[in-house]
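Residue numbers (my numbering): 679 to 833. Taking it in order: structure first as structure tokens, then the write-up.
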Amino acid sequence: MHIIVLTLHYLLQQFPRSLQQSTASLVGNSIGADNVQLAKRFAFLTSTVCMALTATISILLLTLRFQIVGIFSQEADVIAYAAKVMLFLALFTYPLDCGQCYLQGLVRALALQGKAAFVPVLSYFCAAIPVACMLVFAFDCGAMGLQIGLGVASL
Numbered sequence: 679m680h681i682i683v684l685t686l687h688y689l690l691q692q693f694p695r696s697l698q699q700s701t702a703s704l705v706g707n708s709i710g711a712d713n714v715q716l717a718k719r720f721a722f723l724t725s726t727v728c729m730a731l732t733a734t735i736s737i738l739l740l741t742l743r744f745q746i747v748g749i750f751s752q753e754a755d756v757i758a759y760a761a762k763v764m765l766f767l768a769l770f771t772y773p774l775d776c777g778q779c780y781l782q783g784l785v786r787a788l789a790l791q792g793k794a795a796f797v798p799v800l801s802y803f804c805a806a807i808p809v810a811c812m813l814v815f816a817f818d819c820g821a822m823g824l825q826i827g828l829g830v831a832s833l
């Protein structure tokens, strides 16, 4: 059941990842050309696009979650459980991941990757993995616990 949500999550991550690359290129090239005003405009534009895209996809995930899960399985209990996990994906994990992905583009544009590299390592290894393992194994939360653990890394 969790593979359905993970597949959708990885598929939908392609939108913010492409936006991340665009942000890094546009803002980085503007800074390299010593045009800080244009870099600020591009940063504002891409952040607006990121927020609109995230809101649209999250709303679609919320409203069409049963139909989307129905593409992967026809079993009623699988659809019900995966749709419940997709609520968390749509409201928490996906929006936070999109914001984090967008900000990584700005970090790259400003050439601060070396200083910022420890943040994802710490967030996944010190927070997300322990929380996910605790929820899945100690509290028997199943796929929802794993999704919550992944969402913790984005905070």
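Even glycine gets a Cβ: it sits at the ideal position worked out from N, Cα and C. Computed from a predicted structure; not experimentally measured.
Practice prompt. Can you have a look at F796 and say buried or exposed, based on whether 16 or more other CB atoms are within 10 angstroms of its CB?
Written response: exposed
Fill in: alpha helix (DSSP H) segment containing V814, residue limits
Here V814 belongs to no alpha helix (DSSP H), and DSSP marks it neither H nor E.
Worksheet item: Ordered along the chain, which non-local residues of its own chain (more than five positions away) have a Cβ less than 8 Å from that of Y720?
Response: In the sequence as presented, Tyr is not what sits at residue 720; that position holds Phe. Closer than 8 Å at Cβ, skipping near neighbours: T701, L704, V705, S708.
Worksheet item: Going by the CB atoms, is the gap between F693 and I757 shorter than 8 Å?
Response: no
Worksheet entry | As assigned by DSSP and simplified to three states, the class of S703 | helix
Practice prompt. Confirm, please, whether the CB-CB distance from V747 to A761 is below 8 Å.
Written response: yes
Practice prompt. In angstroms with no decimal places, state the Cα-to-Cα distance between V727 and Q698.
Written response: 11 Å
Discussion item. Can you check which of these residues, V814, G792, V763, S801, is closest to T685 by C-alpha distance?
Written reply: V763
Worksheet item: Out of curiosity, what's the CA-to-CA distance linking R786 and I807?
Response: 26 Å
Practice prompt. Could you check how far apart the C-beta atoms of T771 and L813 are, in whole angstroms? I think they sit under 8 Å.
Written response: No, T771 and L813 are not in contact; Cβ-Cβ is about 14 Å, not under 8 Å.
Item to complete: In the DSSP assignment, find the unbroken alpha helix (DSSP H) run with Y688 in it and report its ends.
Response: 680-690
Item to complete: Give, in chain order, every unbroken run of the alpha helix (DSSP H) that is at least 4 residues long and sits entirely within the stretch 758-821.
Response: 772-787, 791-794, 796-800, 807-811
Practice prompt. Kindly list the residues whose CB is nearer than 8 Å to the CB of Y802, restricted to its own chain and excluding five residues on each side of it in sequence; keep chain order.
Written response: A831
Practice prompt. Within its chain, find whatever has a CB closer than 7 Å to the CB of F658; leave out the 5 residues flanking it on each side and keep chain order.
Written response: For residue 658 there is no data in the structure shown, the boundaries of the chain being 679 and 833.
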